[in-house]
Structures are given as structure tokens and as C-alpha cells.
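A quick write-up on the structure given underneath.
Number of protein chains: 2
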Amino acid sequence: MTDEPRTRLFVDSPLAEGLSVGLDHERAHFLRHVLRLDRGDAVAVFNGRDGEWLALIDGFGKGWCSLAVRHQRLPQSGEPDLWLLFAPLKKARIDFVAEKATEMGVSRLWPVFTRRTDPNRVNLDRLRAHAVEASEQCERLTVPDLSEPVPLSRALADWPEGRTLFLCAESGAARPVAEAMRERGRGPAALLIGPEGGFEKSELDEISKLSFVVPVGLGPRILRADTAVVAALACWQSLAGDWTADGGELRPPFRSPVEPTV
Amino acid sequence: MTDEPRTRLFVDSPLAEGLSVGLDHERAHFLRHVLRLDRGDAVAVFNGRDGEWLALIDGFGKGWCSLAVRHQRLPQSGEPDLWLLFAPLKKARIDFVAEKATEMGVSRLWPVFTRRTDPNRVNLDRLRAHAVEASEQCERLTVPDLSEPVPLSRALADWPEGRTLFLCAESGAARPVAEAMRERGRGPAALLIGPEGGFEKSELDEISKLSFVVPVGLGPRILRADTAVVAALACWQSLAGDWTADGGELRPPFRSPVEPTV
Chain A
330 MTDEPRTRLF VDSPLAEGLS VGLDHERAHF LRHVLRLDRG DAVAVFNGRD
380 GEWLALIDGF GKGWCSLAVR HQRLPQSGEP DLWLLFAPLK KARIDFVAEK
430 ATEMGVSRLW PVFTRRTDPN RVNLDRLRAH AVEASEQCER LTVPDLSEPV
480 PLSRALADWP EGRTLFLCAE SGAARPVAEA MRERGRGPAA LLIGPEGGFE
530 KSELDEISKL SFVVPVGLGP RILRADTAVV AALACWQSLA GDWTADGGEL
580 RPPFRSPVEP TV
Chain B
330 MTDEPRTRLF VDSPLAEGLS VGLDHERAHF LRHVLRLDRG DAVAVFNGRD
380 GEWLALIDGF GKGWCSLAVR HQRLPQSGEP DLWLLFAPLK KARIDFVAEK
430 ATEMGVSRLW PVFTRRTDPN RVNLDRLRAH AVEASEQCER LTVPDLSEPV
480 PLSRALADWP EGRTLFLCAE SGAARPVAEA MRERGRGPAA LLIGPEGGFE
530 KSELDEISKL SFVVPVGLGP RILRADTAVV AALACWQSLA GDWTADGGEL
580 RPPFRSPVEP TV
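Heads up: the protein sequence lines correspond to chains A and B, in order.
Numbered per this note's numbering, the first sequence finishes at 591, counting up by one with no gaps.
Numbered per this note's numbering, the second sequence finishes at 591, counting up by one with no gaps.
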């Protein structure tokens with residue numbers, strides 16, 4: 330028994346001292362049979378609202394596990410207001426987008442259908458599972474919102490005032506990404522990454538004309554859509570997001586390796 | 330028969346008008362049986378030295394194909410001098426690093442063993458194949474150099490004068506990445522991404538003390554090593570590399586989709 334949490338879980342329940350949290354079959358199994366934890370072992374939990382808490386395993390039953398919430402480890406903190414609009418990709422690459430975008434700190438993941446989007450249906454449950462797992466691993470205190478897929482034209486028709494949309498297009502007129510993002514600075518933003526085959530030219534022209542859209546260029550090479558997601562998010566976070574702070578207490582603490590006990 | 334190239338291939342041979350290029354079994358098979366090309370069909374070829382050329386398929390034989398080189402499509406152009414030092418990762422993730430780093434324009438890929446690197450051997454042929462394929466797809470005119478893996482300490486002991494090494498460490502004192510990279514500006518650079526489990530603390534302290542090393546922070550979340558590769562490269566390219574130009578002729582041309590001919 331140790332107070333150093335052995336894993337980190339996202340839960341839906343409220344978190345406060347003295348509360349209990351019930352875990353479903355899958356997570357109970359994971360704690361007991363994959364991590365081989367026992368009563369009294371510590372885990373970290375977060376729900377996107379109450380910060381991160383230390384909880385102790387209270388008991389296991391058939392298909393469940395209960396946790397006793399002890400003390401807060403981290404307060405809930407603000408996060409950048411950054412949306413990612415992306416055209417659905419093939420299975421492995423869309424999983425990748427959900428995982429990477431979560432690590433990169435997007436607040437909202439929004440699949441949008443462009444004219445050339447492969448009309449495969451999007452499995453939102455699967456995307457959400459990837460986002461949850463990535464949040465748990467990357468030490469985020471939230472899980473990004475996941476919006477129902479809509480045609481891109483509809484997303485753009487209802488666009489909220491004051492939110493800049495950086496259009497990452499591989500051709501056409503565009504500004505150097507760092508210059509454009511630095512100039513816009515902080516404030517609500519969104520990135521739009523096109524489908525594998527690119528946008529249609531007429532579509533690109535229409536989008537570029539919208540007042541809230543800033544077309545930005547990601548260099549002379551053709552990036553795959555999933556590469557462009559990480560690259561564009563990195564540019565924004567480093568220039569206008571939460572990578573701009575000098576760290577200090579925001580930097581993760583140094584961790585000793587988990588040595589296998591022989 | 331059309332002059333619009335149907336694919337893009339990296340070759341070792343010299344390229345100039347009137348020369349012939351022989352392709353090996355694998356590529357001959359790819360052109361003939363995967364892409365179903367025939368004599369007279371056009372492909373684009375590049376060798377990292379002579380720019381990109383249009384070539385016509387001249388003939389197929391058992392296990393070979395020959396190309397007749399016609400005219401230059403693009404002159405060879407300079408590329409940023411950016412190395413990536415990375416600890417080898419598990420199979421799928423190291424393939425990913427080779428692919429993504431190539432798209433992101435690194436000039437040299439260099440696997441280095443840190444104290445906590447899993448001592449799996451690195452398959453350089455496999456890494457090179459991924460880099461070649463990525464270069465072909467992303468329209469680069471070169472393939473990044475691939476260096477023999479060495480212990481990190483040896484790479485640092487022989488460090489070339491005047492090349493800044495940005496250390497992407499998930500903990501410890503570090504500067505915001507955009508600030509540090511903007512300040513150093515253009516000029517030879519390298520990025521060092523640690524292993525999955527992170528650096529050892531003593532190792533991190535030693536590296537940070539070296540005069541050519543600048544520790545930079547990639548935000549408050551813990552990034553996977555492969556995410557950090559793309560993110561850090563995007564920061565450098567957008568601030569000091571070839572994403573800083575306003576594009577113009579450097580931007581890829583708009584491409585019509587390849588419509589299936591029914």
C-alpha cells in the first residue's frame with residue numbers, strides 16, 4: 330500500500346473528500362487483473378470539473394470496484410479555448426487524431442464533412458474512448474468535448490462571433506502560420522484540417538472569404554492530414570496557448586522510473 | 330498516355346535529359362501491377378541532388394523497368410539544416426517517427442540510446458524505407474540522412490560547433506519553446522526527444538549543462554515521444570525553418586482530385 334497513485338482515471342462522478350466513486354466492469358477488471366492492484370492501493374481520479382484527487386481502492390466485487398476519495402492533488406485549472414475541426418479519416422488515422430489532439434490540449438474535437446470527405450460514418454464512442462485514454466495518460470484535467478459530425482458548411486454558417494478559424498490548406502494563398510497566429514494572439518480559436526484528398530478548389534475559395542477565417546500555410550511539403558493536426562496545434566499552443574508560460578509549477582514534476590520489483 | 334506523372338519515386342541514379350533509369354523488381358512490380366501503368370506513362374523521379382524530373386516508362390522486363398528521363402519539373406532547392414535525435418521507440422511508433430519527421434523536413438534522423446532506452450536493436454533499413462516513402466508522398470526533393478545509432482553521450486561528445494540542440498524534456502527547468510527558438514533564429518539546429526520513460530534525472534542535468542543545449546518546454550501535458558517529435562519540429566519549422574516564407578511559388582499547386590474513370 331502506497332500513496333503514490335498507480336494509475337490515473339477519468340470518472341463521471343463528483344469528487345470531494347469522503348465521497349465514493351464506483352467503477353464499471355471494464356475499469357474494475359483493469360485495476361484488479363491488469364495492474365494487479367488491491368484494496369488500499371492508490372489511484373488518481375479526475376472528472377474535468379473538480380481537479381485531480383487521490384482515491385484509495387475500497388473494495389472489489391463481481392464487475393465493480395469502489396474508490397474512497399481522499400484529498401485533492403491538483404486544483405482544476407483553466408485550459409486554452411481551442412477547437413479542432415477535422416474531416417474524418419480512415420480508422421487508424423482518426424484514432425490517432427483523437428489521441429494526439431487530446432495530448433495537444435484541444436478543448437473540442439469536431440468532425441466535419443467536406444465535399445471530398447469519404448462518407449464513412451464516424452464512431453463517436455470510439456473517438457471518445459481514445460480521447461479519455463489520452464487525457465488519462467497525458468495528465469490533462471479534462472477530456473475534450475466531442476461534437477456531432479456536421480457538414481462543414483453548417484459549422485461555418487453558425488460560427489460563433491470572436492473565434493478565429495485558422496484554415497490549414499496545402500495550396501492557395503496563405504500566411505506563414507507563426508506570423509498569423511502570433512498576430513491574432515490569445516482568445517478563442519479553432520483549426521480546420523482538410524480531408525486526405527484536400528479541399529475542392531471552390532470550397533477552399535469560399536471558406537477563405539469568410540471574415541473569421543485566416544488561411545495559414547504549413548510549409549512547402551504536403552503533410553498528411555494527421556501530421557497537419559499535430560503540427561498546427563503545436564504552432565498555436567507555442568504561440569498563443571499554454572506552452573507560452575515559462576513553466577515553473579506548471580511543468581510536470583520529475584518522475585522516478587517505475588522500477589520492476591524483482 | 331499523359332504527361333501528368335502518376336506517381337513519384339526516389340531513385341539513386343543521376344537525372345538529366347536523355348538518361349535512362351533502371352528500377353528494381355519491387356518498383357517495377359509496383360508500377361506495373363499496383364498502379365497498372367504501361368509503356369509511355371509518366372512518373373516523377375528525384376534523387377536528392379538533381380531536382381525533380383519527368384520520366385516516361387520505356388519498357389518492362391522480368392523484374393525490372395526502365396525509365397527515360399525527359400525534362401526537369403523542379404530544380405533542386407536548399408532545405409533547412411535540422412537534425413532529429415531520438416531514442417528508439419517500439420516498432421509502430423518508430424516507423425511513425427521516421428514518416429512524420431520526413432514530412433516535417435528534418436535533414437538527418439539519428440537514433441540515440443539514452444540510459445533508459447529499451448535496448449532493442451534499430452532496423453535502419455526499415456527506417457530508411459519509411460523515410461523514402463514519406464519523401465515520395467510529401468513531395469520533398471531529398472530523403473533525410475539516417476545515422477548509425479550511438480549512445481547519446483557519444484553524440485554529445487562530438488557535437489559540431491555552432492549547432493544548437495533543443496532539448497525537449499518533460500520536466501526540469503526549460504524555456505517556452507517558441508521564445509527560445511525565435512531567439513536562436515535560423516542556423517543549424519537539432520532537436521533531442523527522450524525515450525518513452527523520460528530521461529534519468531542525472532542525465533537530464535548533465536545534458537542541460539552543455540553550452541550548445543537549450544532545454545525547451547512543450548507545455549503542461551505529458552506528450553508521448555512520437556507526439557513530441559512532430560510538435561517540436563512544427564515549432565522550429567514555423568519559427569526558424571521553411572514554413573516562415575509567405576509561400577508564393579513555394580506553395581504546392583492546387584491539385585484536381587484523381588477521379589476514378591468509370
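Cβ coordinates follow ideal geometry from the N, Cα and C atoms, glycine included.
What is the DSSP secondary structure of residue i, reduced to helix, strand or coil?
i, result
"B:V441", "strand"
"A:V276", "Residue 276 of chain A is absent from the model: chain A starts at 330 and stops at 591."
"B:E381", "strand"
"A:A460", "helix"
"A:V479", "strand"
"A:A518", "strand"
"A:T270", "Coverage of chain A is limited to positions 330 through 591, which leaves residue 270 of chain A absent and any answer about it impossible."
"A:W412", "strand"
"A:R455", "helix"
"A:Q466", "helix"
"A:S540", "coil"
"B:A373", "strand"
"A:A557", "helix"
"B:W488", "coil"
"A:V545", "strand"
"A:S436", "coil"
"A:R402", "strand"
"B:I551", "coil"
"A:S395", "strand"
"A:L496", "strand"
"B:D534", "helix"
"A:V587", "Residue confidence for A:V587 is low, a pLDDT of 44 falling below 50, so the modelled location carries little weight and cannot support an answer."
For residue i versus residue j, is the C-beta spacing smaller than 8 Å?
i, j, result
"B:A460", "B:V441", "no"
"B:D555", "B:V426", "yes"
"A:R445", "A:E529", "yes"
"A:G335", "A:V363", "Looking at the sequence provided, one finds Arg at residue 335 of chain A rather than Gly. Result no, Cβ atoms of A:R335 and A:V363 do not sit closer than 8 Å."
"B:W439", "B:M510", "no"
"A:L418", "A:L485", "no"
"A:L521", "A:V435", "no"
"B:L546", "B:P505", "In the sequence on display, residue 546 of chain B carries Gly and not Leu. Yes, the Cβ-Cβ distance between B:G546 and B:P505 is below 8 Å."
"A:R593", "A:C394", "This structure does not reach residue 593 of chain A, given that chain A is present from 330 up to 591, and the question cannot be answered."
"A:V559", "B:A560", "yes"
"B:N376", "B:L352", "no"
Residue i to residue j, Cα distance in whole Å?
i, j, result
"B:A397", "B:G369", "9 Å"
"B:E525", "B:I423", "11 Å"
"A:L475", "A:W572", "23 Å"
"A:E408", "B:A507", "19 Å"
"B:A384", "B:H400", "7 Å"
"B:R356", "B:V350", "12 Å"
"B:D379", "B:L348", "13 Å"
"B:A503", "B:L481", "20 Å"
"A:L470", "A:P549", "36 Å"
"A:E499", "B:P489", "35 Å"
"B:E381", "B:P404", "7 Å"
"A:I551", "A:L338", "37 Å"
"B:E512", "B:G501", "20 Å"
"B:T431", "B:F415", "13 Å"
"A:V479", "B:I536", "48 Å"
"B:G523", "B:E468", "29 Å"
"A:F359", "A:E465", "14 Å"
"B:R483", "B:R457", "22 Å"
"A:S531", "A:T443", "12 Å"
"A:E428", "A:A421", "11 Å"
"A:D332", "A:V374", "13 Å"
"B:A574", "B:L568", "10 Å"
"A:E462", "B:S406", "42 Å"
"B:V542", "A:G527", "39 Å"
"A:D487", "A:D534", "19 Å"
"A:R553", "B:M433", "10 Å"
"B:E346", "B:D367", "21 Å"
Listing by chain order, which chain C residues have their CB less than 8 Å from the CB of residue i?
i, result
"A:C564", "You won't find chain C in this structure, because its protein chains are A and B."
> Within the chosen definition, does the region 493-500 of chain B reach the region 386-403 of chain B through at least 3 CB pairs nearer than 8 Å?
Replying inline: Because the criterion of three Cβ pairs below 8 Å is not met, the region 493-500 of chain B and the region 386-403 of chain B do not touch.
> Are the region 504-524 of chain A and the region 409-421 of chain A touching, with three or more C-beta to C-beta distances below 8 Å?
Replying inline: yes
>> By the 8 Å beta-carbon criterion, what residues does the region 466-485 of chain B contribute toward chain A?
In response: Result list: Q466, C467, E468 and R469.
>> Which residues of the region 544-561 of chain B have a Cβ closer than 7 Å to any Cβ of chain A? Give them in chain order.
In response: G546, L547, G548, P549, R550, I551, L552, R553, T556, V559 and A560
>> For the region 496-522 of chain A, list every residue whose C-beta sits within 7 Å of some C-beta in chain B, in sequence order.
In response: If the cut-off is 7 Å between Cβ atoms, the region 496-522 of chain A has E499, S500, G501, A503, R504, P505, V506 and A507 near chain B.
>> Along the region 417-450 of chain B, where does the CB come closer than 9 Å to a CB of chain A? Name the residues.
In response: F425, E428, K429, T431, E432, M433, G434 and R445
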